[in-house]
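Taken in order, these protein sequences are the chains called A and B. Each number in our numbering corresponds to the 1-based position in the first sequence with 421 added. Each number in our numbering corresponds to the 1-based position in the second sequence with 421 added. Here a beta-carbon is modelled for each residue, glycine too, at the ideal position from N, C-alpha and C. Keep in mind it's a predicted model, so treat the numbers as computed, not measured. A quick write-up on the structure given underneath.
Number of protein chains: 2
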Amino acid sequence: MGRKRTKSGKIRLAEVAELAGVSPITASRFFRNPEALSVAKRTRVESAANELGYVPNLAARALASQRTEVIGVLIPSLTNNVFSDVLRGIYDAYEGSRYSIQLSNTRYSILQEERLLRLFLAQKPAGLIVTGIDQTTESRAMLDAADCPIVQIMEIGPNPVDMMIGFSHYDAARAAIAHLFAQGHRKIGFIGARMDPRVQRRLDGYVSAMKDAGLFEQRLVVTTATPTSVTLGGALFTDLLAREPGIDAVFCANDDLALGVLFECRRREIAIPEQIAIVGFNDLEFMASAVPTLTSVRTNRYEMGNKAATMLIEAIDGRRPEQSVLDLGFKVIERQSSSSRHQDSRPAVSGGGAQNKMVALPSGHD
Amino acid sequence: MGRKRTKSGKIRLAEVAELAGVSPITASRFFRNPEALSVAKRTRVESAANELGYVPNLAARALASQRTEVIGVLIPSLTNNVFSDVLRGIYDAYEGSRYSIQLSNTRYSILQEERLLRLFLAQKPAGLIVTGIDQTTESRAMLDAADCPIVQIMEIGPNPVDMMIGFSHYDAARAAIAHLFAQGHRKIGFIGARMDPRVQRRLDGYVSAMKDAGLFEQRLVVTTATPTSVTLGGALFTDLLAREPGIDAVFCANDDLALGVLFECRRREIAIPEQIAIVGFNDLEFMASAVPTLTSVRTNRYEMGNKAATMLIEAIDGRRPEQSVLDLGFKVIERQSSSSRHQDSRPAVSGGGAQNKMVALPSGHD
DNA sequence: AGGATCGTTGACAGCGCTACCAGCAACGAC
DNA sequence: GTCGTTGCTGGTAGCGCTGTCAACGATCCT
Numbered sequence: 422m423g424r425k426r427t428k429s430g431k432i433r434l435a436e437v438a439e440l441a442g443v444s445p446i447t448a449s450r451f452f453r454n455p456e457a458l459s460v461a462k463r464t465r466v467e468s469a470a471n472e473l474g475y476v477p478n479l480a481a482r483a484l485a486s487q488r489t490e491v492i493g494v495l496i497p498s499l500t501n502n503v504f505s506d507v508l509r510g511i512y513d514a515y516e517g518s519r520y521s522i523q524l525s526n527t528r529y530s531i532l533q534e535e536r537l538l539r540l541f542l543a544q545k546p547a548g549l550i551v552t553g554i555d556q557t558t559e560s561r562a563m564l565d566a567a568d569c570p571i572v573q574i575m576e577i578g579p580n581p582v583d584m585m586i587g588f589s590h591y592d593a594a595r596a597a598i599a600h601l602f603a604q605g606h607r608k609i610g611f612i613g614a615r616m617d618p619r620v621q622r623r624l625d626g627y628v629s630a631m632k633d634a635g636l637f638e639q640r641l642v643v644t645t646a647t648p649t650s651v652t653l654g655g656a657l658f659t660d661l662l663a664r665e666p667g668i669d670a671v672f673c674a675n676d677d678l679a680l681g682v683l684f685e686c687r688r689r690e691i692a693i694p695e696q697i698a699i700v701g702f703n704d705l706e707f708m709a710s711a712v713p714t715l716t717s718v719r720t721n722r723y724e725m726g727n728k729a730a731t732m733l734i735e736a737i738d739g740r741r742p743e744q745s746v747l748d749l750g751f752k753v754i755e756r757q758s759s760s761s762r763h764q765d766s767r768p769a770v771s772g773g774g775a776q777n778k779m780v781a782l783p784s785g786h787d
Numbered sequence: 422m423g424r425k426r427t428k429s430g431k432i433r434l435a436e437v438a439e440l441a442g443v444s445p446i447t448a449s450r451f452f453r454n455p456e457a458l459s460v461a462k463r464t465r466v467e468s469a470a471n472e473l474g475y476v477p478n479l480a481a482r483a484l485a486s487q488r489t490e491v492i493g494v495l496i497p498s499l500t501n502n503v504f505s506d507v508l509r510g511i512y513d514a515y516e517g518s519r520y521s522i523q524l525s526n527t528r529y530s531i532l533q534e535e536r537l538l539r540l541f542l543a544q545k546p547a548g549l550i551v552t553g554i555d556q557t558t559e560s561r562a563m564l565d566a567a568d569c570p571i572v573q574i575m576e577i578g579p580n581p582v583d584m585m586i587g588f589s590h591y592d593a594a595r596a597a598i599a600h601l602f603a604q605g606h607r608k609i610g611f612i613g614a615r616m617d618p619r620v621q622r623r624l625d626g627y628v629s630a631m632k633d634a635g636l637f638e639q640r641l642v643v644t645t646a647t648p649t650s651v652t653l654g655g656a657l658f659t660d661l662l663a664r665e666p667g668i669d670a671v672f673c674a675n676d677d678l679a680l681g682v683l684f685e686c687r688r689r690e691i692a693i694p695e696q697i698a699i700v701g702f703n704d705l706e707f708m709a710s711a712v713p714t715l716t717s718v719r720t721n722r723y724e725m726g727n728k729a730a731t732m733l734i735e736a737i738d739g740r741r742p743e744q745s746v747l748d749l750g751f752k753v754i755e756r757q758s759s760s761s762r763h764q765d766s767r768p769a770v771s772g773g774g775a776q777n778k779m780v781a782l783p784s785g786h787d
């Protein structure tokens with residue numbers, strides 16, 4: 422016996438086809454590949470669909486076509502400003518496309534990531550965006566076996582699963598330290614929080630730059646697994662000062678920490694940059710507006726998300742990009758907090774960034 | 422002639438049923454309502470599913486059952502810290518539930534919201550979370566006609582579509598101004614950016630409080646439609662000072678603006694709070710850590726998202742909450758930037774917020 | 001002119017799951 | 001002992017769409 426369930430009441434493709442005087446399959450084609458129809462039928466179907474207010478049933482489409490139009494996005498944090506910029510880039514790229522985004526938060530756990538990956542892959546996504554290059558072997562195997570395009574974002578490294586877009590955190594950190602060296606700083610501390618893989622690589626870059634200069638000392642490094650915050654920046658800086666009162670600069674693994682250091686210096690009446698120089702990472706908006714303005718390493722977060730999404734869509738549509746690994750580079754934006762030239766504190770209320778000087782260009786030209 | 426398409430290769434429910442020695446329909450029930458099975462069959466199906474690694478096909482389920490397990494979430498911005506906290510609350514609540522989240526960004530446009538709403542509703546979501554109470558009449562009609570639970574978040578107001586969770590931005594602004602009055606301030610400026618409906622209501626609260634005290638002057642108000650930023654805070658404050666050099670306090674519509682004002686004061690060597698007091702809105706993390714620490718109105722953003730999601734799930738499952746409108750209130754967190762008691766600038770590196778004093782409690786007891 | 005090619009259209013048979021109803025055994029009430 | 005009643009299980013028939021193939025006329029080539 423059939424079901425008595427109420428017909429959803431919605432317009433179906435068949436109704437549209439009937440009104441347009443074509444077969445259902447022709448109407449179906451109109452929505453997927455209108456070019457394939459003759460102009461006459463195309464307009465007939467189009468007006469019929471408009472007249473009836475037809476909306477395709479995505480579940481039926483997914484079932485029949487054996488694929489979804491869902492893009493899975495796995496990011497480690499929803500709180501972090503960095504990821505909200507990336508996300509905005511991603512969402513902007515999908516706007517108006519037929520794909521929809523399924524977002525999940527791994528909370529910086531690769532096990533959680535593995536779990537979510539399994540979940541996503543089971544639904545046969547059209548594509549996948551994952552953060553970073555540090556997956557469990559299990560995750561890696563699933564990604565390798567996945568039959569959809571995949572983009573890894575936030576950093577670049579060897580052995581991409583498929584496509585990859587980001588920059589070298591290691592090189593970026595080295596460039597920041599090189600900048601501090603150029604300004605005459607020698608005893609440079611490092612503070613880092615959360616210590617996720619990318620922060621770890623910034624630390625690695627710092628360590629290598631310091632070692633190259635024969636200046637590395639373990640006690641110059643203060644890190645914690647705690648999530649980052651402005652307050653934490655002040656606390657870590659306090660620790661650093663206690664360990665090594667003689668430092669003349671601090672490289673902060675992100676801008677929130679840098680802002681915390683700035684406030685802590687103010688509290689302690691330490692002059693920036695005269696007594697201590699500060700360099701942050703990411704170049705969030707407030708860095709250009711702080712007093713003194715704060716030097717930071719600019720990363721192209723919005724572009725990273727946007728480009729990743731664009732590349733993914735193109736790959737799904739069968740147009741693979743020429744180069745599957747894209748280095749978006751970084752720039753050290755030099756500002757007052759690390760400038761030995763004592764730029765005067767202009768009342769530059771708006772337009773921060775105009776007077777920025779580029780110190781290093783795209784990474785990874787090796 | 423049938424299709425030759427490769428069978429997806431995936432395990433289907435029928436295979437599980439066969440291995441378990443039950444009918445497909447019984448296996449189906451196991452996944453939706455295991456209680457309905459006898460214990461014997463339940464364990465048989467369970468172990469069969471585990472053995473085969475069965476994963477349900479959501480598209481087929483959605484098609485057959487005529488409903489999805491997707492929750493639509495419409496927010497105006499992905500950049501704003503405020504919404505990332507709300508989102509985190511929402512995602513946390515859905516973690517592990519069978520629902521998935523479909524997020525869209527209205528970019529503060531009610532027309533965009535209407536478009537997205539139409540898109541969402543067409544897919545028959547299990548529930549909907551929308552931001553605010555200012556929808557187009559068309560949107561409102563669609564929401565009223567929607568046959569799924571709906572939660573409006575971020576603020577409360579008359580005529581909820583269904584459920585509602587938030588607080589009164591009007592009352593919160595009034596409380597902030599009352600606090601400034603209590604500290605002896607009279608010439609209180611207002612700066613606001615973006616001027617979305619909620620910021621507008623904060624302005625309304627400011628205006629009414631000032632008028633009540635006979636202190637309102639139009640030139641004390643500086644607003645712009647530009648998206649908010651720290652830099653913009655400095656610029657708006659500069660405008661305000663130019664218009665009315667005699668102000669003794671500023672109420673900022675959000676914390677980014679407040680931070681910008683702080684930096685601008687530092688640039689101009691204006692003493693806080695002696696010459697000018699500052700009050701922000703939202704109580705972001707950095708407010709407790711700034712120098713001087715910044716007074717703000719704390720809003721329960723994470724809880725708002727989390728509670729909204731929880732209420733929505735319960736409503737979907739047929740357990741509607743007793744009260745459909747929930748006021749989460751706010752608190753004025755008094756800090757140095759508006760304290761006439763001249764709290765000494767302690768080196769309170771971590772733990773900001775411990776010394777906070779609550780000034781006003783949940784809103785909307787009228 | 002005949003055949004090959006192209007562009008366009010349609011028929012058919014499912015995709016994997018669940019709503020509906022019916023059946024059946026076990027049980028208690030009368 | 002008969003008649004509900006309850007609890008569990010299964011059969012049937014789709015949900016609305018699309019992949020595959022075949023057929024058709026129009027166009028092109030030799």
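In this structure, the CA atom of Thr647 of chain A is about 23 Å from the CA atom of Asn703 of chain B. Around Val651 of chain A, the same chain offers Asp677, Leu678, Leu680, Gly681 and Phe684 as residues with beta carbons nearer than 8 Å, after the five sequence neighbours per side are excluded. Here Leu749 of chain A really is in contact with Gly587 of chain A; their C-beta atoms are around 6 Å apart, less than 8 Å.
In the displayed model, Ser521 of chain A falls within a strand according to three-state DSSP.
Sequence-distant Cβ neighbours of Ala435 of chain A in its own chain, meaning closer than 7 Å and more than five residues away, are Pro445. When DSSP reads this structure, Ala698 of chain B sits in a beta bridge with B:Ala670.
Chain order gives no chain B residues near Gly517 of chain A, where near means a beta carbon separation below 7 Å; the closest approach is about 10 Å.
Leu657 of chain A has its alpha-carbon roughly 47 Å from the corresponding atom of Arg741 of chain B. Assignment of Ile446 of chain B by DSSP, reduced to helix, strand and coil, places it in the helix class.
Between Leu473 of chain B and Ser459 of chain B, the alpha-carbon positions lie close to 21 Å from each other.
For the region 497 to 508 of chain A, residues whose beta-carbon sits nearer than 9 Å to a beta-carbon of chain B comprise Ser498, Leu499, Thr500, Asn501, Asn502, Phe504, Ser505, Asp506 and Leu508.
Comparing alpha carbon positions, the residue from B:Thr649, B:Ser629 and B:Leu662 closest to Arg640 of chain B is B:Leu662. The C-alpha of Val671 of chain A is placed about 14 Å away from the C-alpha of Arg756 of chain A. Taking C-beta atoms under 8 Å as the contact rule, Ser758 of chain A and Leu715 of chain A qualify, at a distance of about 5 Å. Of the residues B:Gly739, B:Phe602, B:Leu440 and B:Gly553, the one whose Cα lies closest to the Cα of Asn580 of chain B is B:Gly553. Using a Cβ-Cβ cut-off of 8 Å, Val551 of chain B does not count as an interface residue toward chain A, since no Cβ of chain A sits closer than that to its own. Where Leu683 of chain B is concerned, the enclosing alpha helix (DSSP H) starts and stops at Asp676 to Arg689. Using a Cβ-Cβ cut-off of 7 Å, Gln523 of chain B is close to Ser521 of chain A, given in chain order. Not a single CB atom of chain B sits nearer than 8 Å to the CB of Phe611 of chain A.
Contact annotation: the region 565 to 575 of chain B does not touch the region 595 to 612 of chain B, with fewer than three C-beta pairs closer than 8 Å.
The C-alpha of Val620 of chain B is placed about 18 Å away from the C-alpha of Lys632 of chain B. DSSP places Ser486 of chain A in no beta strand (DSSP E) but in the uninterrupted alpha helix (DSSP H) bounded by Leu479 to Ser486. Put simply, of B:Ala481, B:Ser717, B:Glu559 and B:Met732 the residue whose alpha carbon is nearest the alpha carbon of Glu534 of chain B is B:Glu559.
The beta carbons of Ala469 of chain A and Ala441 of chain A sit about 4 Å from each other, so the pair counts as a contact at 8 Å. With a 10 Å radius around the Cβ and a threshold of 16 neighbouring Cβ atoms, Pro455 of chain A comes out exposed. In the DSSP annotation of this structure, the continuous segment of the beta strand (DSSP E) that includes Met585 of chain B starts and ends at Met584 to Gly587. In the structure shown, Asp617 of chain B adopts coil according to DSSP, grouped into three states.
In the DSSP assignment, Leu473 of chain A falls within the alpha helix (DSSP H) that extends over Val460 to Leu473. At a Cβ-Cβ threshold of 8 Å, Asp660 of chain A and Val643 of chain A count as neighbours.
A distance below 8 Å between beta-carbons, with the five flanking residues on each side excluded, links Phe541 of chain A to the following residues of its chain, in chain order: Gly493, Leu495, Gln523, Ser525 and Leu549.
Comparing alpha-carbon positions, the option among B:Lys545, B:Tyr591, B:Tyr512 and B:Leu624 lying closest to Pro570 of chain B turns out to be B:Lys545. As computed with DSSP, Arg719 of chain B is found in a beta bridge with B:Asn703 and B:Lys752.
Note: Gly610 of chain B is bridge-paired with B:Val671 in the DSSP secondary-structure output.
Between Gly654 of chain A and Ile511 of chain A, the gap from beta carbon to beta carbon reaches 8 Å or more. When DSSP states are grouped into helix, strand and coil, Thr558 of chain B belongs to the helix group.
For Leu532 of chain A, no pairing in a beta bridge is given by DSSP.
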